[in-house]
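I have placed the structure first, in the form of structure tokens, so that the comments after it can refer back to it.
In my numbering, the protein residues as written are 2 to 310.
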């Protein structure tokens, strides 16, 4: 597949899985993680929606329409690809499967109607848990979500951008028989999903959710004027950090003071603490304001108060 928006030749994938439970509560837990990812990134309910369905529910519905087992996989794959093809092509491909026009009409009618949790006992139970967790309003049952992989056995879901045309931001579902397909002696139910850095980054860009990262968050640079001064500098760093002041030690002990101060300027660090043998002997430090270039001598025990004032 050629590189395109939301799909590149190389990407990082993140997977979230819950193994060992076939309970509906585990499905709710994995959906809660999916929603929490987008909320933690700063997205709101107006930015994304989680569409969900059940493969077992869909198989029951297709069987109810008179579709046999041999055609079921083909039709589910067509439903999965529906958003990539136009309606006439979709109808033509359904006809090529060999099912009657009345069955096709029933299927089309079913796929275009919204479903409520009352459509199936599984959905009823799942949505009661989602409501208890306070995330039911982020979720919607969508009969067109089937996921193309054959190993899904129950819940299937995708998160999509509201009002957008981007592919699924993440997707997954329940795969209770996947482990046993590799080792018949093992039966470990599972549910999970995967996402990638590429689609998430595209989403964040479109929504303006990428934070402006400061090149440096340190408030104070502690100059290191010789190897003998390292213990005293470390002591000051510990004091500042324990009082909630972000600081950093200059990463070398053999640079002249002016070079260390230029480093503070380049990194936009507002204050520098100058601590040499003379200051140590006096029991003081020099606090330099890198903007005004003013500096004052301060007793060690008062440095936190001065920097916070």
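Ideal Cβ placement from N, Cα and C applies to all residues, glycine included.
With a cutoff of 8 Å on beta-carbon distance, residue 146 and residue 54 are scored as near each other. In the three-state scheme derived from DSSP, where H, G and I count as helix and E and B as strand, residue 11 is classed as coil. Per DSSP, the unbroken beta strand (DSSP E) holding residue 298 starts and ends at 296–300. Secondary structure note for residue 250: its beta strand (DSSP E) is the uninterrupted segment 248–250. Residue 310 and residue 293 have their C-alpha atoms some 16 Å from each other. For residue 96, the uninterrupted alpha helix (DSSP H) run begins and ends at 88–98, by DSSP. Of the residues 164, 301 and 177, the one whose Cα lies closest to the Cα of residue 46 is 164. In this chain, the alpha helix (DSSP H) harbouring residue 36 covers 25–41. Inter-segment contact for the region 93–102 and the region 169–176 is absent: fewer than three beta-carbon pairs are separated by less than 8 Å.
Our two residues, residue 258 and residue 211, have alpha carbons roughly 37 Å apart in a direct line. Between the alpha carbons of residue 74 and residue 48 lies a distance of about 33 Å.
Rounded to whole angstroms, residue 70 and residue 154 show a C-alpha spacing of 15 Å.
Separation of the CB atoms of residue 297 and residue 288 is rounded to 6 Å, and the pair is thereby assigned contact status at 8 Å. Excluding the 5 residues flanking it on each side, residue 67 has same chain C-beta neighbours closer than 7 Å at 104, in chain order.
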